[in-house]
Amino acid sequence: MVQAVSNTFSREDWQKGYESLRTEQAYWIDDIEGQIPVELEGTLFRNGPGQLDINGEKYGHPFDGDGMICAIAFKDGKAHFTNQFVKTPEFLAEKKAGKILYRGVFGTQKAGGWLSNIFDLRNKNVANTNVVYQGGKLLALWEAAHPYAINPKSLDTVGLEDFDGQLAKGQVFTAHPRRDDRTGDLWGFGVQPGPKSTISIYQVTADGKLSTESQVKVSGFCFLHDFAYTPNYRIFMQNPVSFKPLPFMLGLATAGECIELKPNSPSQFLLIDRQGNLQTIETDPCFVFHHCNAYEQGDVIIVDSVCYPDYPKLEPNTDFREIDFDKVIAGQLWRFEINPQLGTVKRELILERSCEFPVVHPRCMGQKYRYAYIGAIAKESGNAPLQAIAKVDLETGKQEFHSFAPRGFISEPIFVPYDRNPDSAEDQGWVLTLIFNAEHNRSDLVILDAQNITGKPIATLHLKHHVPYGLHGSFTQE
Ligand code: 3ON
Ligand code: FE
């Protein structure tokens, strides 16, 4: 492997973006460079771990942090910011107690060693992974539980959402639903993992009604964070992982630490058709969290995904703030070409540079597309925090990068189309991303022109505080 040539950041800077945000605020953003386009109308919702410690008692993994929703609403060239934590009973109980009361899925144990953790098999729903607006409801998502309904204006927590009882007790709803732009349906899924796992495919209509399209049993344990869909298929990458729960049950390790890649085992694509028929097709071993997009082309299905060579996890008892980036495995964007008739898969590397959080134009979901936007590191090889936004032209192979290094740390890019005209260019629009700016110890919302991604930002909106590194979000024009 090519050695990292230089550092594009300082660790001290990067670490500051993992400090908890203690405040909840609502204000008009008045510190702006450039000009917010008047055509940009709607609300950007973001979710992510807003609290990474309780009274200084640190969570062991950023994915265990309590979900905090940010909303940035754009109208008439002005922008308004609001943030609130998702007020889950667990969040409120820990706040009251002033200490950690729950284990986290990925790296957090209660103080007191294994004796205080043994047989505590509860999952703390941190509602921290994504936030989507559907059917008049704002939903804070975490893939191992029900969503939390949030008031889209105030961001007050309404409560757990079961879609009029359609999501049964014990069933879960993904943090990665995908919207079909033409019908307005939100497609999602839920996984009941076990020695045999069950995948349920859900449709949530534009008026917020959930129904189950199919339920499929898959052999083996499943950790399915995301899926891809096309008009005829719902597509999963079954990572070749095993779950050995004993250390978790005995309080010695968290659930996430009990997951590992099975040696010499292939990954499998799970293709589920609209009737719920399952076809599995093997491919080279890798671990996938996120798919960029998928589409059907003649006899083949194209799936673009960020692949890791292993299941990315921390060494036990290490502080994630101290990780050695040169030892962190990198995700890279690959294109898979699946032929369901022949049962074959070919794969090709698209973006070699370490990257995460791929997105596309909303109208391209499940359709042939040309442009992917994705977070990337600010150097060509090695690993580092994400500091650049990449635009990849899948037709020509052209790759462009807008770097915020050395002091800016990016989050997932969100593509917002300029208009709803189906004939407008696929890259006509803006790329919005929240950046932790270590120079000011605050975060900026940056608006890039998607057609001139390397150009100066159209506008940089300085928030009054930082926002800890987040996970996913969405933009709604409603
Ligand atoms: O039996 C297990 C039980 C359980 C509760 C199965 C299980 C592992 C599926 C599970 C729960 C899984 C959960 C809650 C997954 C949540 C994932 C999450 C919050 C975030 C994932 C983020 C992924 C990536 C790739 C983030 C990358 C971030 C950067 C590169 C920037 O810092
Ligand atoms: Fe994700």
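31 is the number of the first residue of the sequence shown in the numbering used here; add one for each residue after it. Glycine included, every Cβ here is placed at the ideal spot set by N, Cα and C.
Let me confirm a value: residue i is counted as buried when at least 16 other C-beta atoms fall within 10 Å, else exposed. Which label applies?
i	result
HIS176	buried
ILE148	exposed
LYS129	exposed
VAL68	exposed
LEU171	buried
GLU469	exposed
TYR163	buried
PRO498	buried
LEU501	buried
LYS183	exposed
THR426	exposed
ASN451	exposed
SER36	exposed
GLY286	buried
LEU82	buried
PRO415	buried
LYS117	buried
LYS154	buried
ALA141	exposed
LYS409	buried
PRO275	exposed
Leaving out the 5 sequence neighbours to the left and right, which residues in its chain are closer than 6 Å to residue i when beta-carbon positions are compared?
i	result
ASN413	PHE355, VAL358, ALA360, SER384
SER241	GLN233
GLU430	LYS421, ILE483, THR484
ALA56	THR112
ARG365	ASP334, GLU378, ILE380
ALA127	none
VAL32	Summary for VAL32: the model assigns pLDDT 47, below 50, so the residue's position carries little reliability; its value from the coordinates is reported in the next sentence. Hits under 6 Å: SER411.
Distance check for residue j and residue i, CA to CA, integer angstroms please.
i	j	result
MET395	SER146	46 Å
GLN481	LEU291	40 Å
PRO447	ASP457	8 Å
ILE404	ASN347	31 Å
GLU42	GLY214	44 Å
ASN113	ASP60	16 Å
GLY22	LYS105	Absent from the model: residue 22. The displayed extent of the chain is 31 to 508, so no value can be given.
THR53	LEU280	37 Å
ASN181	GLY72	16 Å
SER411	THR138	31 Å
GLU312	LEU372	12 Å
ASP186	ILE444	24 Å
LYS125	ILE84	7 Å
SER433	GLY107	25 Å
THR38	ALA489	24 Å
GLU326	SER504	25 Å
PRO509	HIS110	It is not possible to answer for residue 509, since the shown part of the chain is limited to 31 through 508.
GLU386	HIS255	13 Å
PRO296	LEU151	30 Å
ALA435	GLU442	16 Å
PHE203	GLN222	10 Å
Answer yes or no: do residue i and residue j have a C-beta to C-beta separation smaller than 9 Å?
i	j	result
LEU363	ALA324	no
ARG208	LEU216	yes
ASN77	ALA157	yes
CYS337	VAL318	yes
GLY195	ALA179	no
ILE231	VAL333	no
LYS376	GLU382	no
ASP211	ARG393	yes
GLY220	LYS167	no
GLU63	PRO388	no
ILE66	LEU491	yes
ILE407	GLN417	yes
THR235	HIS206	no
THR260	GLN245	no
ASN294	ASP329	no
In chain order, what residues of the same chain have a beta carbon less than 7 Å from the beta carbon of residue i, not counting five sequence neighbours either side?
i	result
TYR263	LEU301, ILE302, ASP303, ILE331
PHE121	ASP96, PHE115
LEU351	The sequence given here has Arg at residue 351, not Leu. Correct list, in chain order: GLN45, TYR48.
GLN507	GLU71, GLY72
ASP453	none
Taking 8 Å as the cut-off, is the CB of residue i close to at least one heavy atom of the ligand COA?
i	result
ALA205	No copy of the ligand COA occurs in the structure displayed; its ligands are the ligand 3ON and the ligand FE alone.
Using C-beta distances below 8 Å, list every residue in its chain close to residue i, excluding the 5 sequence neighbours before and after it, in chain order.
i	result
TRP144	LEU280, GLY281, LEU282
VAL271	PHE251, PHE253, ILE289, GLU290, LEU291, LYS292, PHE317, TYR341
HIS495	LEU51, THR53, GLN55, ARG472, SER473
LYS226	LYS247, VAL248, SER249, GLY250
HIS391	TYR399, TYR401, PHE445, PRO447, GLU456, ASP457, GLY459
GLN305	SER244
Counting contacts by CB-CB distance shorter than 9 Å, is residue i in contact with chain B?
i	result
LYS343	The structure shown contains no chain B; it is built from a single protein chain.
Notebook entry, point to check: Taking contact to mean at least 3 C-beta pairs separated by less than 8 Å, is the stretch 477-489 in contact with the stretch 458-469?
Noted result: Segments in contact, yes.
Notebook entry, point to check: So does the stretch 85-93 actually touch the stretch 119-137, counting three or more Cβ pairs closer than 8 Å?
Noted result: Yes, the stretch 85-93 touches the stretch 119-137.
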